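Residue numbers (the working numbering), protein chains in the order written: chain F, 34 to 229; chain A, 34 to 229. Idealized CB from N, CA, C, for every residue including glycine. Small disclaimer: the values here were computed from a predicted structure and weren't measured. See structure below.
Listed below in structure tokens is the structure:
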């Protein structure tokens, strides 16, 4: 209908959000226009601001609005340790543990040849340059424990070890608070192999 | 972190979309900034345009950009029939059947006293005014067959019948293409009562 052109455009635009299909997009558009126009305006401004201002840290490649992010600039952090994660969300998860005081490198993705994401797309060259700055002595691989995350860790490990860096991987094992009876067999097997 | 202020604002704004929690919002923000900045800009513009231009049809209350929507203006439609639906999406579903050529009234909601949505919020006064225009002879209630939709239909029926209008309800029964064995008992019971 010609008199709902802007509504259709909005529904199409909402479908570009990950995990949002035709019905969800229509429901979202309907909700925002009927019940939360203020929220819609807020979101419109937030999107436009973020696109203009958010860029990548030139050292660790995470999202930031400065040339170098506040974590990389933090002089109290241990610059000899570099933890490699897939996404800023993974970095936040590690930060919340307060168990790590080194620096990070964010791949902003994972190797996924079927989707056309190779070493270049995850910035392996950037990581290599960063890790070989002469200060970093240990690279901790904290990519996810999925097939793609493991492959990514493997490829990075091969590349960095060839440069003489110490490369470690987060330990696999039984999650805290869990009962063995309910833990999957692969995890128990790994916990047995990596026992200490 | 102060250097990710715009990113946090974006995540908070995305959480105002229905069905989007903290993790989904972060994933959406991450995806748009990393892989689809063009889509983010598109969505920003679409939201702002829609908020500015989309309003309610003065006759049927559906979303439109004109004073009166194209459906209400369509002279070929049967103006003696008025079909009451909850949302524009329900209206679209009925339109797709091509089985109805009358006009519509869109409640933009349903009675839900627990959420503070009473007759005033769903515009019962507007519907009353619209249905009593002297042309409408039959009001077809096509609210959903949920508890709230049924309540809404019941309240509207009571109000309109008091004004001497003929009020009908979509038939309940066995869905087309279904096998009785797999149809729920409530539906079969209704189909028996409403047999023809």
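Chain F within 9 Å of residue 93 of chain A, Cβ atoms only: Residue 93 of chain A does not count as touching chain F.
Minimum Cβ-Cβ distance from residue 174 of chain F to chain A less than 9 Å: By this cut-off, residue 174 of chain F is not an interface position.
Alpha carbon of residue 118 of chain F to alpha carbon of residue 172 of chain F, nearest angstrom: So the two alpha carbons sit approximately 11 Å from each other.
First and last residue of the uninterrupted beta strand (DSSP E) at residue 182 of chain F: Run containing residue 182 of chain F: none in the beta strand (DSSP E); it sits in the alpha helix (DSSP H), 180 to 194.
Residue from F:125, F:167 and F:141 with nearest C-alpha to residue 134 of chain F: By alpha-carbon distance to residue 134 of chain F, the top candidate from F:125, F:167 and F:141 is F:125.
Per-residue DSSP class, three states only, for residue 116 of chain A: Note: residue 116 of chain A maps to strand in three-state DSSP.
Proximal residues, the stretch 80 to 110 of chain A versus chain F, C-beta separation under 7 Å: Residues of the stretch 80 to 110 of chain A that bring their beta carbon within less than 7 Å of a beta carbon in chain F comprise 80, 81, 82, 83, 84, 86, 87, 96, 97, 98, 99, 102 and 103, in sequence order.
Residues near residue 175 of chain F in its chain [Cβ-Cβ closer than 7 Å; skip 5 each side]: Cβ within range, chain order: 116, 117, 118, 123, 127 and 203.
Test item: CB-CB of residue 156 of chain F and residue 60 of chain A under 9 Å: Not a contact, by the Cβ cut-off of 9 Å.
Coarse secondary structure for residue 20 of chain A, derived from DSSP in three states: Only positions 34 to 229 of chain A appear in the structure, and residue 20 of chain A is not among them; the question remains open.
Positions along the stretch 59 to 82 of chain F whose CB lies within less than 8 Å of some CB in chain A: Within the stretch 59 to 82 of chain F, the qualifying residues are 59, 60, 61, 62, 63, 64, 65, 66, 67, 69, 70, 72, 73, 74, 75, 76, 77, 78, 79, 80, 81 and 82.
Cβ-Cβ distance between residue 76 of chain F and residue 50 of chain A below 9 Å: Their beta carbons are under 9 Å apart, which means residue 76 of chain F touches residue 50 of chain A by this criterion.
CA nearest to the CA of residue 197 of chain F, picked from F:74, F:91 and F:164: By alpha-carbon distance to residue 197 of chain F, the top candidate from F:74, F:91 and F:164 is F:164.
Residue of A:215, A:211 and A:205 minimising C-alpha distance to residue 229 of chain A: Of the candidates A:215, A:211 and A:205, the residue whose Cα lies closest to the Cα of residue 229 of chain A is A:205.
Residue 137 of chain F burial status per 10 Å Cβ neighbour count (16 or more: buried): So residue 137 of chain F counts as buried.
Environment of residue 94 of chain A [buried if 16+ CB atoms lie within 10 Å]: Classification of residue 94 of chain A: buried, given that the 10 Å Cβ count is 16 or more.
Expected contact under 8 Å - CB spacing of residue 113 of chain A and residue 169 of chain A to nearest Å: Contact check for residue 113 of chain A and residue 169 of chain A: beta-carbon distance about 6 Å, within the 8 Å limit, so the pair qualifies.
Sufficient close CB pairs (3 or more, under 8 Å) joining the stretch 183 to 191 of chain A to the stretch 140 to 155 of chain A: Counting Cβ pairs under 8 Å, three or more are found: they touch.
Beta carbon of residue 80 of chain A nearer than 9 Å to that of residue 83 of chain F: With respect to residue 83 of chain F, residue 80 of chain A sits apart: the two C-beta atoms are not nearer than 9 Å.
Within 9 Å, strictly: CB atoms of residue 87 of chain F and residue 98 of chain F: Against a cut-off of 9 Å, the Cβ pair of residue 98 of chain F and residue 87 of chain F comes out as a contact.
Assigned secondary structure, residue 148 of chain A (DSSP; H/G/I helix, E/B strand, else coil): The three-state reading of DSSP puts residue 148 of chain A in helix, counting H, G and I together.
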